[in-house]
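Below is one structure; the comments refer to it alone.
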Amino acid sequence: MLVSVVIPTYNRLPILKKCLEALENQSSLGLIYEYEIVLVDDGSTDGTTNWLVNNIEDFPHLRLFEQSHGGPALGRNLGVEKSNGDLIVFIDSDLVVDKFFLVNHVNSLMKAWKKLGNRKCFTYGSVINTSNFNNPNSEPFKLQDLSWAYFATGNVAIDKKILEKSGLFDKSFELYGWEDLELGERLRNMGVKLIKCPKAIGYHWHPALTLDQIPNLIRIEKERAKMGLVFYRKHPTLRVKFIIQYTFIHRFLWEILTFGGLINTKTLRPLLVFLMKNGQSGLAMELLRLPLNLISVRQIFREASLIGLR
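Position one of the sequence shown corresponds to residue 1 (full-length UniProt numbering), numbered consecutively onward.
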């Protein structure tokens with residue numbers, strides 16, 4: 001079996017190096033006779049393509065493609081179009097996988113195909129969040145690493161023909177968020193089953209929280225709100241409303257938990273600084289999620305009222 005690992009990237013060169021090194025270090029390939037890494041650079045400005053071209057001999061499985069900055073949905077679609085594999089594995093460019101990553105995905109899929117009598121399924125691996133850049137795969141699995149997403153492209157594997165039949169990713173998701181879960185709704189409607197594959201482990205690196213990240217985190221929440229409505233208009237179901245937090249239950253919840261916005265990114269700053277100085281960046285991030293969720297929910301209701309959505 002030929003496996004294509006499709007990765008879109010944008011300005012993530014330091015962690016991308018670790019991502020690619022880990023993929024080149026796969027062991028015990030089993031039924032995989034070959035694999036390729038299809039990397040799509042989404043108009044990076046940090047020297048990603050130049051570095052890769054100058055070091056291409058270190059990555060024998062790598063095939064590099066470039067596009068103007070258009071977002072991960074376009075990047076993944078281009079990667080699938082250029083891929084040669086029978087099986088597509090999606091990961092993000094800030095994911096560092098373990099050495100049995102590919103073989104575990106393939107083994108789980110083969111068992112599922114045999115049991116189902118068809119290939120209408122995909123495997124969903126484990127994603128462990130870490131801020132340890134030097135040794136990301138030393139992070140243990142934590143309760144907050146659990147995910148209830150149906151199809152999240154940080155770590156999934158799917159038959160290429162099934163993926164193409166779904167129509168791939170919707171390019172109307174131009175901003176941050178939801179393009180993978182929207183594809184997941186179409187796969188669900190096709191009867192494509194989710195197969196959990198906890199042994200296919202990826203370590204999702206993100207830097208420890210600092211105050212200068214907050215404006216970008218706010219921007220992301222506002223973009224997620226806008227894209228959430230794109231998601232809902234395509235799939236106007238109660239399940240999708242809950243996924244994107246477009247319900248009065250969510251509005252009430254985050255208003256109450258933040259005392260109507262009194263707990264916000266500014267009032268939390270002294271506590272966040274204290275926690276970060278004492279090595280508790282993870283806890284600081286969890287607290288920051290309170291006002292960030294309120295920002296997202298308020299934004300989605302504001303955007304919905306502007307377009308007359310109910």
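Note that the Cβ used here is the ideal one computed from N, Cα and C, for glycine as well. Source: prediction; values computed, not measured.
> For K161, which option in L187, Y10 and L16 has the closest C-alpha, if you only look at C-alpha atoms?
Replying inline: As a position in the sequence shown, residue 161 is number 161, starting the count at 1. Ranking L187, Y10 and L16 by Cα distance to K161 puts L187 first.
> Which full runs of the alpha helix (DSSP H) of 4+ residues lie inside the segment 156 to 185, going along the chain?
Replying inline: Qualifying alpha helix (DSSP H) stretches, in chain order: 160 to 166.
>> Suppose you measure from the CA of I307 to the CA of F259; what does that come to, to the nearest Å?
In response: Stepping through the sequence shown from its first residue, residue 307 is reached at position 307. Stepping through the sequence shown from its first residue, residue 259 is reached at position 259. Approximately 28 Å between the Cα atoms of the pair.
> Which one of K222, D180 and Y124 has the shortest CA to CA distance from S296?
Replying inline: Position 296 of the sequence shown, counting from 1, holds the residue named residue 296. Here the closest residue by C-alpha is K222.
> If G228 and W148 are in contact, beta carbons under 8 Å, what's the gap, nearest whole angstrom?
Replying inline: Taking the sequence shown and counting its residues from 1, one reaches residue 228 at position 228. Taking the sequence shown and counting its residues from 1, one reaches residue 148 at position 148. Cβ atoms of G228 and W148 stay farther apart than 8 Å, at about 16 Å.
> Where do the ends of the beta strand (DSSP E) carrying T48 lie?
Replying inline: For the purposes of this step, residue 48 is taken as the residue at position 48 of the sequence shown. Per DSSP, T48 lies in no beta strand (DSSP E); the unbroken alpha helix (DSSP H) holding it starts and ends at T48 to N54.
> Given a threshold of 16 other Cβ atoms within 10 Å of its Cβ, counted over all protein chains shown, does S93 qualify as buried or as exposed?
Replying inline: Counting from 1 along the sequence shown, the entry for residue 93 is found at position 93. Buried is the call here.
>> Taking only three categories from DSSP, how would you classify F90?
In response: Walking along the sequence shown from the start, residue 90 turns up at place 90. Here F90 sits in strand by DSSP.
>> If you measure between the beta carbons of I37 and I7, is that distance less than 8 Å?
In response: As a working mapping, residue 37 is identified with position 37 in the sequence shown. As a working mapping, residue 7 is identified with position 7 in the sequence shown. Annotated as proximal: I37 and I7, with beta-carbon spacing under 8 Å.
> Leaving out the 5 sequence neighbours to the left and right, which residues in its chain are closer than 6 Å to S305 when beta-carbon positions are compared?
Replying inline: One-based indexing of the sequence shown puts residue 305 at position 305. None.
> T130 bridges to which residues according to DSSP?
Replying inline: By 1-based counting over the sequence shown, the position of residue 130 is 130. DSSP, once it has assigned bridges, lists W205 as partnering T130.
>> When you compare the CB positions of G30 and V106, do they come within less than 8 Å of one another, or not?
In response: Walking along the sequence shown from the start, residue 30 turns up at place 30. Walking along the sequence shown from the start, residue 106 turns up at place 106. Yes.
> So, are the CB atoms of F65 and R76 less than 8 Å apart?
Replying inline: Residue mapping note: residue 65 aligns to position 65 of the sequence shown, counting from 1. Residue mapping note: residue 76 aligns to position 76 of the sequence shown, counting from 1. Their beta carbons are not under 8 Å apart, which means F65 does not touch R76 by this criterion.
> Between the beta-carbon of F151 and the beta-carbon of L183, is there less than 8 Å?
Replying inline: To locate residue 151, count along the sequence shown from 1; it is residue 151. To locate residue 183, count along the sequence shown from 1; it is residue 183. Yes, the Cβ-Cβ distance between F151 and L183 is below 8 Å.
> Between L52 and L74, what straight-line distance do the alpha-carbon atoms span, to the nearest angstrom?
Replying inline: Along the sequence shown, one-based indexing puts residue 52 at 52. Along the sequence shown, one-based indexing puts residue 74 at 74. Approximately 21 Å between the Cα atoms of the pair.
>> Between L288, R239, F169 and V156, which has its C-alpha nearest L262's C-alpha?
In response: In the sequence shown, residue 262 corresponds to position 262, counting from 1. Ranking the options by Cα distance to L262, first place goes to L288.
> How long is the line joining the alpha carbons of I15 and T45, rounded to whole angstroms?
Replying inline: Here residue 15 refers to the residue found at position 15 of the sequence shown. Here residue 45 refers to the residue found at position 45 of the sequence shown. Rounded to whole angstroms, the gap between the alpha carbons of I15 and T45 is 15 Å.
> According to the Cβ coordinates, are S131 and P207 closer than 8 Å?
Replying inline: Translated into positions along the sequence shown, residue 131 becomes position 131. Translated into positions along the sequence shown, residue 207 becomes position 207. In this structure, P207 lies closer than 8 Å to S131 by Cβ.
> Is A200 helix, strand or coil when you go by DSSP?
Replying inline: Position 200 of the sequence shown, counted from the first residue, corresponds to residue 200. In this structure, DSSP gives A200 an extended state, which the three-state scheme calls strand.
> Any idea which residues DSSP pairs V80 with across the strands?
Replying inline: As a first step, residue 80 must be located in the sequence shown, where it is residue number 80. Beta-bridge annotation (DSSP): V80 is not paired with any residue.
> Can you give the Cα-Cα distance for N155 and E255, rounded to whole angstroms?
Replying inline: Mapped onto the sequence shown, residue 155 falls at position 155. Mapped onto the sequence shown, residue 255 falls at position 255. In this structure, the straight-line span from the alpha carbon of N155 to that of E255 is close to 33 Å.
> If we ignore side chains and look at the alpha-carbon of each, how far apart do L211 and F231 end up?
Replying inline: One-based indexing of the sequence shown puts residue 211 at position 211. One-based indexing of the sequence shown puts residue 231 at position 231. If I take the Cα positions, the gap works out to 31 Å.
> Where do the ends of the alpha helix (DSSP H) carrying F65 lie?
Replying inline: The sequence position of residue 65 within the sequence shown is 65, counting from 1. Unbroken run through F65 is the beta strand (DSSP E), L62 to E66; no alpha helix (DSSP H).
> With distances taken from CA atoms, which of I243, Y33, P270 and S68 is nearest V103?
Replying inline: Within the sequence shown, residue 103 is the residue found at index 103, counting from 1. Checked all of I243, Y33, P270 and S68; the closest Cα to V103 is Y33.
> Taking the DSSP output, what are the residues bridged to V96?
Replying inline: Taking the first residue of the sequence shown as position 1, residue 96 is located at position 96. Per DSSP, Y203.
> T267 to M1, Cα distance in whole Å?
Replying inline: Stepping through the sequence shown from its first residue, residue 267 is reached at position 267. Stepping through the sequence shown from its first residue, residue 1 is reached at position 1. Those two C-alpha atoms are separated by around 55 Å.
> According to the neighbour-count rule (16 or more other Cβ atoms, all chains shown, within 10 Å of its Cβ), is I201 buried or exposed?
Replying inline: By one-based count along the sequence shown, residue 201 stands at place 201. Flag for I201 reads buried.
> So what's G228 in DSSP terms, helix, strand or just coil?
Replying inline: For the purposes of this step, residue 228 is taken as the residue at position 228 of the sequence shown. G228 sits in a helix when the DSSP states are folded into three classes.
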